[in-house]
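Engineer: Following this message is one structure expressed as structure tokens.
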Amino acid sequence: MTEQPNSFKNQPDERGHFGQFGGRYVAETLMPLILDLEKEYRAAQADPAFKAEFDDLLEHYVGRPSPLYFAERLTEALGGAQIWFKRDELNHTGAHKINNCIGQILLAIRMGKTRIIAETGAGQHGVATATVCARFGLPCVIYMGAEDVKRQSPNVFRMKLLGAEVVPVTSGGATLKDAMNEGLRDWVANVHDTFYIIGTAAGPHPYPELVRDFQSVIGKEARAQMLSRAGRLPDLLIACIGGGSNALGLFHPFLDDPDVKMLGVEAAGHGLDGDEHAASLLGGVPGILHGNKTYLLQDEDGQITEGHSISAGLDYPGIGPEHAWLKESGRVEYTAVTDEEALDGFQLLCRTEGIIPALEPSHAIAAVAKRAKEMPDDSIILMNLCGRGDKDIFTVAEKLGVEI
Amino acid sequence: MTRFSSAFSAPALVCFITAGDGDTAANLDALVEGGADVIELGMPFTDPMADGPAIQAANLRSLGAGTTTADVLQIATDFRARHPDVPLVLMGYANPMIRRGSEWFADAAKKAGVDGVICVDIPPEEDEELGPALRDAGIAPIRLATPTTDAARLPRVLHGSQGFVYYVSVAGITGKQQAAQASIEDNVARIKQSTDLPVAVGFGVRTPEQAADIARVADGVVVGSALVEIVGEFGKDAPAKLKELTSALAAAVHAAQ
């Protein structure tokens with residue numbers, strides 16, 4: 019680690035690099051479009067009307083601000099730090115994904131694009147994209163790995179109800195990374211009219227930056243709510259990480275508060291000592307995929323390996339480049355929890371708080387359970403409860419050996 | 006004179022196949038015997054996001070057969086020993102190329118007798134990642150220009166390019182539709198006004214007739230998916246079929262002026 023930067027919030031640089039990570043590693047056909055997107059995003063940032071429309075939709079369509087909730091019974095059950103949740107699972111469509119989709123579809127409309135494409139893993143981003151496309155009357159094609167189509171049939175049906183075309187992707191391992199490849203193939207052939215709504219804070223610049231900015235509403239609200247409710251900032255922020263957009267959304271507004279520690283929780287699957295996990299930061303090495311340089315699960319020849327997690331939303335062999343940088347700079351700590359631990363976290367929250375969480379934040383709950391006990395009872399942990407678990411009940415039932 | 010400048014002194018046929026897919030040495034020999042002037046050897050990658058179904062399948066077949074980076078370099082080394090004068094280009098994606106460091110890759114490719122490298126997902130904006138190492142090793146970084154590369158952007162693409170310019174004639178993936186001849190003519194003329202490098206045109210070229218039309222206006226014609234499909238369909242019997250198609254393509258390209 020070299021000397022500390024003056025601010026952790028001024029990344030990326032003008033070329034889209036977060037330290038050595040990020041960048042724009044795309045085929046030449048896409049470069050002019052990526053550069054256009056950046057120009058249009060800068061114009062939108064400077065346009066009060068864009069911000070006003072974004073804020074208005076978040077308030078009246080998504081239902082923001084989401085509540086900040088003190089989880090009293092969970093706190094008692096664990097013994098230790100007070101546990102607070104940012105309730106992003108209460109958003110329209112049931113997860114944080116919609117925040118980003120609202121921002122990106124407004125950009126697409128600004129750019130005069132008339133067709134939307136997206137990739138999805140668990141289907142949450144696909145549902146959120148199909149939702150905003152229905153809301154704005156734009157045709158929508160969602161690429162989804164054929165394996166995920168099978169595992170997540172309720173979300174496939176939701177997308178279809180919302181008018182989206184869902185294309186099962188059979189190439190490669192037929193999961194999220196293959197869906198992203200197919201999205202990029204569609205985009206490169208349809209650059210003239212198509213906007214690609216990327217679902218996480220990854221991909222070529224400016225996507226990691228703009229997705230983070232749209233998701234930062236989570237941390238901005240939480241910071242103000244915490245100051246108003248508890249009169250001080252939290253001691254520790256915790257969020258799960260697949261590509262990393264919900265974690266960045268929570269963390270970013272706190273990055274320059276030196277007393278606020280942060281913990282990102284990756285999916286350890288069956289354990290980090292084997293190959294069946296999705297922990298790119300803890301178990302991967304830097305490389306280039308899907309437009310950015312970041313930590314990747316890969317072999318010694320640079321071939322990408324398949325991630326595994328009980329949660330389809332964390333099952334991706336890469337990670338947003340800003341997380342790669344935050345790890346190297348030491349500002350954020352990263353850990354991983356297994357499928358088993360996440361299932362325990364899932365059930366713990368159901369029974370103590372009457373909240374059925376998605377399997378993704380169940381990973382964060384498992385990390386909360388470990389850390390809370392080690393902290394004094396006047397300290398505060400703030401966790402992003404980024405999605406609700408309706409979509410996961412079938413997976414959980416199967417793991418618990420219950421037939422429904 | 007480099008191998009490239011000799012090869013492009015008259016309209017040249019550039020042939021692509023994926024390394025490690027089938028009997029690559031025999032297939033490469035068939036391409037050269039058929040009249041290929043430049044060889045593009047694809048480095049297999051798990052996530053070939055700029056490629057259509059034919060080359061995706063070739064990548065999977067190659068990786069499924071256990072092809073490693075060392076194998077690809079050995080195929081190149083052996084090719085160079087058998088064909089000292091035919092330009093050899095490695096084409097692929099960034100991650101396998103930079104995995105052990107760009108200097109390592111450039112040195113290994115140089116030792117294997119490689120003349121140029123096409124990296125699909127390193128645009129000029131990220132040249133530092135691989136370009137300096139290649140140029141230092143005496144390997145040509147070959148850039149792609151596309152229908153979306155407008156006049157304002159073209160100089161940026163050409164700056165630092167060596168060997169030849171690969172004009173991707175359609176905005177899309179490999180092996181799909183072919184561009185209109187008029188669009189190819191306009192774009193090749195536009196690129197040739199800005200560079201002395203030869204311009205080769207590829208994406209969607211399958212037949213001798215298409216190749217002849219392109220060879221009348223460009224310095225080279227690239228054929229990939231049509232050849233890769235033969236490798237996939239005929240396996241061990243691919244060399245004879247490859248030679249047959251390559252001969253027809255080469256005759257058409259070489260007759261054009």
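Respectively, the protein sequence lines represent chains B and Y. Converting from the first sequence to this note's numbering requires adding 18 to each position, the first position being numbered 1. Converting from the second sequence to this note's numbering requires adding 5 to each position, the first position being numbered 1. All C-beta atoms in this analysis are idealised placements derived from N, C-alpha and C, irrespective of residue type, glycine included.
(1) Distance, Cα to Cα, B/ALA182 vs B/ILE135?
(2) Could you give the C-beta distance for B/ASN402 and B/LYS104, rounded to a whole number, given that I count them as a contact under 8 Å?
(3) Residues of chain B with CB under 9 Å from Y/VAL173, in chain order?
(4) Residues of the region 180-206 of chain Y with a CB closer than 8 Å to any CB of chain B: list them in chain order, please.
(5) Compute the Euclidean distance between the alpha carbons of Y/GLY106 and B/GLY130, then round it to the nearest angstrom.
(6) Please name the residues in the region 52-86 of chain Y whose beta-carbon is closer than 7 Å to at least one beta-carbon of chain B, in chain order.
(7) Give a yes or no on whether the minimum CB-CB distance between B/SER298 and chain D is below 8 Å.
(8) Just to confirm my understanding: we take B/ASP274, look at its own chain, exclude 5 residues before and 5 after, and list those with CB closer than 7 Å. What are they?
(9) Could you tell me the alpha carbon to alpha carbon distance between B/GLN243 and Y/THR73, rounded to whole angstroms?
(10) Can you tell me where the beta strand (DSSP E) holding Y/ILE123 begins and where it ends?
(11) Pull up the DSSP beta-bridge partners for B/LYS178, would you.
(12) Identify the contact partners of B/ARG60 in chain Y, using a Cβ-Cβ distance below 9 Å as the criterion.
(13) Alpha carbon to alpha carbon, how far is Y/PHE137 from B/VAL206?
(14) Taking 8 Å as the CB-CB limit, is Y/PRO101 close to chain B?
(15) In chain order, what residues of the same chain lie with their CB nearer than 8 Å to the CB of B/VAL278, ignoring the 5 residues before and after it?
(16) Taking C-beta pairs closer than 7 Å, name the residues in chain Y that B/ASN425 reaches, listed in chain order.
(17) Mind reading off the beta-carbon distance from Y/VAL263 to Y/VAL170? Whole number of angstroms is fine, and I expect it under 8 Å.
(18) Taking C-alpha atoms, which residue in B/GLU90, B/PHE68 and B/GLY37 lies nearest to B/THR370?
(19) Is it the case that the Cβ atoms of B/LEU299 and B/HIS341 are separated by a distance below 8 Å?
(20) So the alpha helix (DSSP H) B/LEU314 belongs to, where does it begin and stop?
(21) Indicate the three-state DSSP secondary structure (helix, strand or coil) for Y/PRO244 in the structure shown.
(22) Just verifying my parser: in three-state terms, what is the DSSP assignment at B/PRO304?
(23) Could you compute how far the alpha carbon of B/LEU179 sits from the alpha carbon of B/GLY261?
(24) Tell me whether B/VAL303 is buried or exposed, calling it buried when 16 or more other Cβ atoms sit within 10 Å of its Cβ.
(25) First and last residue of the beta strand (DSSP E) that includes Y/ASN159?
(26) Could you spell out where the beta strand (DSSP E) holding Y/THR72 opens and where it closes?
(27) Using DSSP with H/G/I as helix, E/B as strand and the rest coil, what is Y/THR82?
(28) Confirm, please, whether the CB-CB distance from B/LEU332 to B/ILE209 is below 8 Å.
(29) Does any C-beta atom of chain Y lie closer than 8 Å to the C-beta of B/ALA342?
(30) Does any residue of chain Y have a CB that is nearer than 8 Å to the CB of B/ASN386?
(31) Report all residues from its chain with a CB closer than 8 Å to the CB of B/ALA126; omit the five preceding and five following residues, and keep chain order.
(32) Give a yes or no on whether the minimum CB-CB distance between B/PRO50 and chain Y is below 8 Å.
(33) Report the partner residues of B/HIS35 according to the DSSP bridge assignment.
(34) Using a C-beta cutoff of 8 Å, does Y/PRO128 count as contacting chain B?
(35) Could you compute how far the alpha carbon of Y/CYS20 sits from the alpha carbon of B/ASP231?
(36) Tell me whether Y/SER10 is buried or exposed, calling it buried when 16 or more other Cβ atoms sit within 10 Å of its Cβ.
Structural biologist: According to the data block:
(1) 10 Å
(2) 5 Å
(3) ALA45, GLU46 and THR47
(4) LYS181
(5) 41 Å
(6) ASP52, MET54, ALA55, GLN61, LEU68, THR73 and THR74
(7) As a matter of chain content, chain D is missing from the structure shown, whose protein chains are B and Y.
(8) SER25, PHE26 and LYS27
(9) 54 Å
(10) 121-124
(11) DSSP lists no partner for B/LYS178.
(12) Near B/ARG60 there are no residues of chain Y at all, since even the closest Cβ is about 17 Å away, more than 9 Å.
(13) Note that residue 137 of chain Y corresponds to Pro in the displayed sequence, not to Phe. Cα-Cα distance, rounded: 27 Å.
(14) yes
(15) LEU251, PRO252, ASP253, LEU254, LEU255 and PHE272
(16) Absent from the structure is residue 425 of chain B, since the part of chain B shown begins at 19 and ends at 422.
(17) No answer is possible for residue 263 of chain Y: it lies beyond the span of chain Y, which begins at 6 and ends at 262.
(18) B/GLU90
(19) yes
(20) From DSSP, B/LEU314 is part of no alpha helix (DSSP H) but of the beta strand (DSSP E) over 309-314.
(21) helix
(22) strand
(23) 27 Å
(24) exposed
(25) Note that residue 159 of chain Y corresponds to Leu in the displayed sequence, not to Asn. No beta strand (DSSP E) contains Y/LEU159, which is instead part of the alpha helix (DSSP H) from 159-163.
(26) Careful: Y/THR72 lies outside any beta strand (DSSP E) and carries neither H nor E.
(27) helix
(28) One point to set straight first is that residue 209 of chain B is Val, not Ile, in the sequence displayed. Not closer than 8 Å, so no.
(29) no
(30) Residue 386 of chain B is actually Val in this sequence, not Asn. Not an interface residue.
(31) ILE134, LEU156, PHE213 and ILE215
(32) yes
(33) B/GLY40
(34) yes
(35) 45 Å
(36) exposed
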